[in-house]
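See structure below.
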Amino acid sequence: MSAAPAVDAARNFGPALSLRPKAKNLTLGTLLTWVFVAAALLWTVVPLLWMLLGSFKGSGDVTSADPMWFFTPTGQNYVNLFTGANNLSPYLINSIIAAVGSAVIATVLGTLGGYGLARTAFKGKKSLSFWFISTRMAPIAAVVLPLFLVFRFAGLLDTLPGLILAYLSFNLPFAIWIMSAFFEAIPPSLEESAKVSGCSPWQTFWYVSLPLTKAGMVTTAVLCLVFAWNDYAFATVISGPNSQTLPIAATQLVTQTGVDWGQLTAIGTIVVVPMILVGLAVRKWLVTGLTLGAVTGE
Amino acid sequence: MSVSRTEVQASVQPDRATRPAGSRKITFTGWLMAPGITLLGVLSIIPLVMLILMSFSKVRLLGGLRLEFAGLDNWARAFGDVELWKSWATTLAFFVSTLGIELVLGVAIAVALNRLVRGRGLVLPLILLPMFVAPSIVGLLGRYLLDPTFGLYANLLQSIGITQDVLGHPVSAFAAVVLMDVWEWTPLIALITLAGLSGVNPSVLEAASLDGASEWKKFWHMVLPSIRPILLVAILIRSMDAVRYFDIIYVTTNGGPADATKIIPVRLYEAAFRFFDLGYAAVIGIMMLVLTILIARFFVRLMGEKEEN
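Protein chains in written order, with full-length UniProt numbering: chain A, 1 to 298; chain B, 1 to 309.
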């Protein structure tokens, strides 16, 4: 068995499905299907489209009592975000550092750990896996509460390293678990033959297994990035004036007297668009990733 | 990334050198796991111990952090707190309604997408979009859409005669936050179901059609049973998320009106960071944690069963 089918099997969760009814009762059935799909599309897309439109509306248009689909677009909201009194740049930089930092660390440590988890049989492996998954799934509120005290004690409140560590508390177990699912999809026979031909364990890992899980690493990194970038609960508690991220900036706009919905929709767009782009880039592996590999191979 | 052979050899050397000498047997894969496990240990065990300590203490923040032992005070208070149990009930109601709607809609969307012969490549990415939106932004967007004077959705509702402020009344506010979660996570269920549908053997379905089985019968008796394991995973994943759920409610209703949307995480935040009642909040945190661990046990058991097959 070569590597290719196994890897194909691991990635075979994308849109490429084989079950397609022959277009027999084309008329009514297909029509109803399309009506339903169109409704679903409207339901998912309209709010996002409305946000995007709002971000290009002038101050009068954005809160017009009569919702406007057609208007004279302006880039003023975006300009204001980066030039006004509340410049968004520091928030943006904080968001990038915290999210990318935790995604990179989680992916590196998660790849090493995931390989270890996939390739060793030892006593207590089950408990270890269980510990990973319960850490990943631990309620944020229950984690952030003691972290707040620990970080306060350690002087990590309102620092970017603190925020990165906080994000690692959910990204690292996620990365280990999902990477081990990707490594498990590689047939062990490949590694055995590498070992037979004289590769050290590290060489086997580095030259044989690692290249086969490139897609897995990218997926892991992207999902970690999305989780950290989208976080609001940790950032409200752990960050402060020096480390606040974009979602915090967005919600702060609301609490000030009189919400500037033009600016708010612009921030929303800035927060959402990059994650949609990277998320769609890994959509083939989303099912594996978001179910922690639980439905791989079914 | 290219690493020369000699470098690799060099990096392997210390590992090899220590192994025969040391009596503790740490294998190669053990070394690979060590950094991750150590960091995770620091990040999860210290907070866990802290959380347990806090739950038995009166936590003082002013003038330096102090934990004063308070025995079972916090625990007794939590178990006798009617408001807290109401929050658990709200959490349960929230969980049942979000997951119920998401399952029905998600499966329906997956089946519909699966029937599409053309256009699926275009439709699927669009359907998936909400999953990547930060929940706090979902909440803010919800407020924008539901604003009674200029909101697009409020405007639609007004045109069919519903003129009340949606987020201002208990029932409609609850429905609104449920639908925001449904908006965000139905795509995940649809995606998972779609993956499951690919495992259904088309020739069996075809045979059933030849025997004259109706679409509904085929779905109920053949498709649904075969995607059940996948749906179960989806349900477990979503139920763990439901215990974590926080952002949308915090930025839309913050638990109100009249506590209609005060699910457990919101109550914990309120106790901890508004009233600074950290010991009491710790008890709520432990309750949530126990629930998550129970769900995680189901999940892992399910995974184990799958591996044995």
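Note that CB positions come from ideal geometry on N, CA and C, so glycine has one too.
Asked	Found
Can you name the residues of chain B whose CB is closer than 9 Å to the CB of Asn-230 of chain A?	Phe-132, Val-133, Ala-134, Pro-135, Ser-136, Ile-137, Asp-247
Taking the alpha-carbon positions, what's the Phe-56 of chain B to Ile-286 of chain B distance?	11 Å
Is there a C-beta anywhere in chain A that falls below 7 Å from the one on Ile-109 of chain B?	yes
Which word fits Arg-238 of chain B, buried or exposed, when buried means at least 16 other C-beta atoms lie within 10 angstroms of its C-beta?	buried
Got a sec, what are the start and stop residues for the beta strand (DSSP E) Phe-56 of chain A sits in?	Taken as a continuous stretch (DSSP letters only), Phe-56 of chain A belongs to no beta strand (DSSP E), as it is neither H nor E.
Any idea if Asp-211 of chain B is buried or exposed, counting beta-carbon neighbours within 10 angstroms, 16 or more meaning buried?	exposed
Which residues bound the beta strand (DSSP E) around Arg-60 of chain B?	57-60
Please state if the CB of Ala-221 of chain A and the CB of Lys-103 of chain A are separated by a distance shorter than 7 Å.	The question names Lys, yet the displayed sequence has Ala at residue 103 of chain A. Yes, the Cβ-Cβ distance between Ala-103 of chain A and Ala-221 of chain A is below 7 Å.
Skipping 5 residues on each side, what residues in its chain have a beta carbon closer than 8 Å to that of Leu-232 of chain B?	Leu-302
On the CB-based measure, 16 or more other CB atoms within 10 Å of its CB, does Gln-263 of chain A come out buried or exposed?	buried
Since Met-303 of chain B meets chain A, which of its residues come closer than 9 Å, beta carbon to beta carbon?	Ser-129, Ile-133, Leu-292, Gly-293, Ala-294
Could you check whether the segment 145-156 of chain B touches the segment 273-280 of chain B, counting it as contact only if at least three pairs of C-beta atoms, one from each stretch, sit closer than 8 Å?	no
Within the same chain, show all residues whose beta-carbon is closer than 7 Å to that of Val-176 of chain A, passing over the 5 residues directly before and after it, in chain order.	Residue identity check: residue 176 of chain A is Ile in the sequence provided, not Val. So the list reads Gly-110, Gly-113, Gly-114, Leu-117, Phe-132, once near-sequence residues are dropped.
Rounded to whole angstroms, what is the Cα-Cα separation between Pro-274 of chain A and Leu-43 of chain B?	28 Å
Quick check: the segment 107-124 of chain B against the segment 247-257 of chain B, are at least 3 beta-carbon pairs closer than 8 Å?	no
Please name the residue, chosen from B:Gly-304, B:Met-33, B:Ile-46, B:Ala-282, that lies closest to Phe-153 of chain A on a Cα-to-Cα basis.	B:Ile-46
Thr-29 of chain B and Thr-120 of chain A look like a contact to me (Cβ under 8 Å); what is the Cβ gap, rounded to whole Å?	4 Å
Would you tell me roughly how many angstroms separate the C-alpha atoms of Leu-277 of chain A and Ile-270 of chain A, rounded to the nearest one?	12 Å
Kindly indicate which three-state DSSP category Phe-299 of chain B falls into: helix, strand or coil?	helix
Pick helix, strand or coil for Val-278 of chain A, following the three-state DSSP scheme.	helix
Using a beta-carbon distance below 7 Å, is Phe-150 of chain B in contact with chain A?	yes
Using beta-carbon positions only, say whether Ala-250 of chain A and Ile-267 of chain A come within less than 7 Å of one another.	yes
How is the alpha helix (DSSP H) around Glu-83 of chain B delimited, first residue to last?	82-115
Using 7 Å as the threshold, is the C-beta distance between Ile-164 of chain A and Ala-233 of chain A below it?	no
Just the chain A side, please: which residues come within less than 7 Å of Thr-292 of chain B by C-beta, in chain order?	Ser-134, Met-137, Ala-138, Pro-139
Given this structure, state the Cα-to-Cα distance separating Met-236 of chain A from Leu-126 of chain B, to the nearest angstrom.	In the sequence under discussion, the amino acid at residue 236 of chain A is Thr, which differs from the Met named in the question. Near 30 Å, if we compare the C-alpha coordinates of Leu-126 of chain B and Thr-236 of chain A.
Which residues does DSSP pair with Phe-69 of chain B in a beta bridge?	B:Ser-57
Could you check what DSSP says for Asn-242 of chain A in three-state terms: helix, strand or coil?	coil
Anything in chain A within Cβ reach of Val-243 of chain B, meaning under 7 Å, just list it in chain order.	Pro-139
Report, in whole angstroms, the separation of the C-beta atoms of Val-208 of chain A and Glu-191 of chain A, which I expect to be a contact under 8 Å.	6 Å
Out of curiosity, what's the CA-to-CA distance linking residue 331 of chain A and Ser-200 of chain A?	Because chain A in this structure spans residues 1 to 298, residue 331 of chain A falls outside the shown range and cannot be described.
Give a yes or no on whether the minimum CB-CB distance between Tyr-167 of chain A and chain B is below 7 Å.	no
Have a look at Leu-167 of chain B and Asp-181 of chain B and give me their C-alpha separation to the nearest angstrom.	15 Å
Identify, in the order they occur along the chain, each residue of the same chain with its Cβ nearer than 7 Å to the Cβ of Leu-225 of chain A, setting aside the five sequence neighbours on each side.	Ala-99, Val-100, Ala-103, Val-278
Closer than 8 Å by beta-carbon distance: list the chain B residues that pair up with Ile-276 of chain A, in chain order.	Leu-129, Phe-132, Val-133
Between Val-271 of chain A and chain B, is there a C-beta pair that is closer than 7 Å?	yes
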